[in-house]
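Numbered according to the UniProt record's numbering, the sequence shown spans residues 1 to 78. The beta carbon of each residue, even a glycine, is placed where N, CA and C say it ideally should be. Computed from a predicted model, the values in this text were never measured in an experiment.
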Amino acid sequence: MSQAAKIEIPVEAATAAALTDARRLEAVGRLVDRLVRPGADDPLIALLERTAAEAQAAGLTEAEIEAELAAYNADRHG
Numbered sequence: 001m002s003q004a005a006k007i008e009i010p011v012e013a014a015t016a017a018a019l020t021d022a023r024r025l026e027a028v029g030r031l032v033d034r035l036v037r038p039g040a041d042d043p044l045i046a047l048l049e050r051t052a053a054e055a056q057a058a059g060l061t062e063a064e065i066e067a068e069l070a071a072y073n074a075d076r077h078g
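Structure representation (structure tokens):
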């Protein structure tokens, strides 16, 4: 990010707690940047494609990503 600026956005308490991790906070910042200033016609599709590419570049498999999403959903809805 070039010339980062801090903003405040309302989130759930658990989300705020998770964002105390510097790596997660930086990743969320990149996602917000991409969502607000997308390079493709559909910002959601572009965001999902970039996120998937970054996850795979980091060595995550589709199965690992699906497992993480399932665990997140179970925590959120359980």
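Report yes if the C-beta distance between residue i and residue j is below 8 Å; otherwise report no.
i: R34; j: R23; result: no
i: A57; j: I65; result: no
Suppose you measure from the CA of residue i to the CA of residue j; what does that come to, to the nearest Å?
i: N73; j: A27; result: 20 Å
i: A63; j: A46; result: 21 Å
i: A67; j: R76; result: 14 Å
i: G78; j: D42; result: 32 Å
i: E8; j: L60; result: 30 Å
i: T20; j: A52; result: 23 Å
Using alpha carbons as the reference points, say which of the options lies closest to residue i.
i: A4; options: H77, L25, A71; result: L25
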